[in-house]
Amino acid sequence: EDQVTQSPEALRLQEGESSSLNCSYTVSGLRGLFWYRQDPGKGPEFLFTLYSAGEEKEKERLKATLTKKESFLHITAPKPEDSATYLCAVQAGNTGKLIFGQGTTLQVKP
Amino acid sequence: NAGVTQTPKFQVLKTGQSMTLQCAQDMNHEYMSWYRQDPGMGLRLIHYSVGAGITDQGEVPNGYNVSRSTTEDFPLRLLSAAPSQTSVYFCASREGYNEQFFGPGTRLTVL
Chain A
1 EDQVTQSPEA LRLQEGESSS LNCSYTVSGL RGLFWYRQDP GKGPEFLFTL YSAGEEKEKE
61 RLKATLTKKE SFLHITAPKP EDSATYLCAV QAGNTGKLIF GQGTTLQVKP
Chain B
111 NAGVTQTPKF QVLKTGQSMT LQCAQDMNHE YMSWYRQDPG MGLRLIHYSV GAGITDQGEV
171 PNGYNVSRST TEDFPLRLLS AAPSQTSVYF CASREGYNEQ FFGPGTRLTV L
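The listed protein sequences correspond, in order, to chains A and B. Every letter in the first sequence is one number past the one before it in my numbering, and letter 86, counting from 1, is 86. Every letter in the second sequence is one number past the one before it in my numbering, and letter 97, counting from 1, is 207.
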């Protein structure tokens, strides 16, 4: 069964305190792994797509990496505006459907 | 481009009432989806469409109907609302297997 698990469920950081969010997955034929950011009361906003193990993508303070079993979203020197829920999703190759994890809610305190 | 738009933003229904959640996109995307988001459950796929005239069920389709008569529009119909359908509903679209773009959501409460 295709499955995505994110950890931790919630993370509280001080401004400038770097950390990582984890996304573990099992899927039949990974077509792509997606990271989204969701602010309260809004729809998810696309961040990154990773397609193969070893691939990395960066955007400002965020860096996403991918292995055969998991992905990490590294946050370097976070700022309060990075506070949001971060969602991970995998796309199964046979159906193209996206399977989402439950998300990690990040709070960055000044 | 407006992207993906959804109406209404908020809705309160009584048990047994029916309604349609509207979704439209102006990006000419073939693939459109409806999700519901509940606390602790993540985003769950209700129905999806790979093009006009083609729809299929997702993970939680019971109690919902969809149709796709045009590329732009993908309405979601609640046939007889139940309190278990209280949720936030998101519509999304994408081109091929690329990233999905989400609408702003509809917050539905069923009393």
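Ideal Cβ positions, reconstructed from N, Cα and C, are used throughout, including at glycine. Values in this document were obtained by computation on a predicted structure and should not be read as measured data.
Asked: Roughly how many angstroms lie between the CA atoms of P80(A) and E15(A), to the nearest whole one?; Found: 7 Å
Asked: Between the alpha carbons of T67(A) and T26(A), how many angstroms are there, rounded?; Found: 12 Å
Asked: Of the residues that make up the segment 37-53 of chain A, which ones have a beta carbon closer than 8 Å to any beta carbon in chain B?; Found: G41, K42, G43, P44, E45, F46 and T49
Asked: What residues match up with S143(B) in a beta bridge as DSSP calls it?; Found: Y158(B) and A202(B)
Asked: Does DSSP classify S135(B) as helix, strand or coil?; Found: At residue 135(B) the sequence reads Gln, which differs from the Ser that was named. Reduced to three states, the DSSP call for Q135(B) is strand.
Asked: Shortest alpha-carbon distance to F48(A) belongs to which of I99(A), L87(A), T105(A) and P40(A)?; Found: L87(A)
Asked: Identify, in the order they occur along the chain, each residue of the same chain with its Cβ nearer than 6 Å to the Cβ of G32(A), setting aside the five sequence neighbours on each side.; Found: T49, Y51 and Q91
Asked: Please report the straight-line C-alpha distance between Q38(A) and Q6(A), rounded to a whole angstrom.; Found: 15 Å
Asked: Is the distance from the Cβ of F34(A) to the Cβ of A89(A) below 8 Å?; Found: yes
Asked: Looking only at its own chain, which residues have a Cβ that is under 6 Å from the Cβ of Q3(A), when we skip the five neighbours before and after it?; Found: T26
Asked: Residues in its own chain within less than 6 Å of D136(B) by CB, not counting five upstream and five downstream?; Found: N111 and A112
Asked: Nearest-angstrom Cα distance between C23(A) and T105(A)?; Found: 13 Å
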